[in-house]
Structures are given as structure tokens and as C-alpha cells.
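See below for the structure under consideration.
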Amino acid sequence: MLHSLAPLGPFTLAWLVTVIVPGLNFVLVTRTAALHGRAAGLFTTLGIGVAAILWGLGGFLGLHALFEWQPNFETFAKIAGGLFLIWIGIDLIRKRNQELHSPSDDETAGPEGFIHAFLKGFFCCISNPDVLVFTTSLFATMFPANAPLWMGLAATGIMFVIQVGWMGMLALCLSAPFMAQWFNDKRNIIDIIAGLLFIVLGGMLLYAPLHGLI
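What follows is the structure in C-alpha cells.
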């Protein structure tokens, strides 16, 4: 039994390092928690975690093989994902001067605000098909070709726990009043930098498929 669990150790370590390294999810969660409050940050984190489950299942079940069989599917996914990231970036920059909820309002913002936070986290993570390529490579290199279904489900559960645990901790820490105040004071520059980061990475996602079509 212990021998069959062996691949989960290196996989857990690799995914932990991947999650800790700051990226788009980090930017989105920290900004949401600091400017909109703890609950919004946690709902954003939950959305990212659910998306990680889907990418994990896709990686284990060989969704990447489908992309190799039908490259048009991957092209469409990258174009859609790139456009979504660019839209997030433009939206951040465009709304940087609009009034936001104070951190104390996060419990009364209403379910629609929390649903919006969840969906933004979900689509931020799911819109990058390169995550699928990465998770597929992890499964391919760390698990045997005949790995049982329970092992893939266990690895996917590990992905969810690590993703939500780390991002949730960030949301709790950065929703503290002094951090929220600092983010509010620096809000314009933070939103511009975050928006530009989303736009640049969205453009990078778009470049390869659009270059191939031209």
C-alpha cells in the first residue's frame, strides 16, 4: 500500500512549490481580499480551487491528448483564455477609481458579490490552458502509465487542498485592517500594475494561436 502511495509525495511537493510561486491567482486573491474583504477573497480562492480540480482531472484523464489530436480545441481554448485575461486587465484599470466596499462590509456585500468573486477566481484559473499542459506533464512524469483512478482522484484532491489552503491563508492575512488600508492607499498603482500583468499574460496566450492563423 505504501509503495502505491509513493508517487503522491513528489507530486504534492511539486504542486506546493507551483502554488506558492506568485502568479495571476496570487495577484487576484491578494487584491480581492485587501480591497473587498475576507469573504470575497475566500470565495475567489474557492473558485480557483474548483478550477484546479477540473484541470487536475483533465490532466490525469488525458485531456491534453485530445488537444494533440485536435489542435483546434487548444487554439480555441488559448484564444478564449487570452481574451478573458485581457478583459480582466482592462476592467481592473478602467475601474481603479470607482468606490469599493470597505473591508468591514464584506459580510453584508450580498451573495451576488460573493458569486462574482467565485466566478472571477474560477475563470482566472480555468482560462489558462497552459495549466493543463503543466498538470499533464506532472501526471506523466510522476505517476505510472497504469495508475488507478483513485490515485488520480487523490492527486486532484491534494491539488485542491494545497491551492485553497495557501490562497485562503493569503486572503485571511491580507484582509486584516492595516493591510486593507495600505492596499486602499496604493490602490491606483496596484490596479494598474495588476491590470497590465493580466493584459500582458493574456497577450502571450493569444500570440501563438493567432500567429499560427496569420
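Under this note's numbering, the first residue of the sequence shown carries the number 26, and numbering increases by one thereafter. We put the beta carbon where it would ideally sit given N, CA and C, even for glycine. Fair warning: this is a prediction, and the values are worked out from it, not measured in the lab.
Residue environment for S200: buried (at least 16 other C-beta atoms within 10 angstroms of its C-beta). With contacts defined as CB atoms closer than 7 Å, T70 and A196 qualify as a contacting pair. Just measuring C-alpha positions, the residue of L86, I111 and A172 sitting nearest T160 is L86. Pairing F139 with F185 gives a Cβ-Cβ distance that is not under 7 Å.
For L222, the closest alpha carbon among the candidates I151, A77, W112 and P234 is that of W112. Assigned with DSSP and collapsed to three states, F168 falls in coil, not helix or strand. In terms of Cβ geometry, L53 and D216 do not form a close pair [threshold 7 Å].
The C-alpha of G114 is placed about 26 Å away from the C-alpha of G81. Minimum Cα-Cα distance from W40 among the listed residues L49, Q188, K211 and R56 corresponds to Q188. Within the model, the alpha-carbon separation for A233 versus F203 is close to 42 Å.
Taking C-beta atoms as the reference points, G107 and G227 count as a pair closer than 7 Å. Annotated as proximal: P32 and F168, with beta-carbon spacing under 7 Å. Taken atom to atom, the span from the alpha-carbon of L30 to that of L157 is near 23 Å. As the crow flies, the alpha-carbon of A142 is around 7 Å from that of G66.
As summarised for the segment 56 to 83, there are no continuous alpha helix (DSSP H) elements at least 4 residues long confined to that stretch.
Secondary structure note for A39: its alpha helix (DSSP H) is the uninterrupted segment L33 to I45.
Spanning the alpha carbons of T57 and A76 requires a straight line of approximately 18 Å. In the structure shown, A142 adopts helical secondary structure according to DSSP, grouped into three states.
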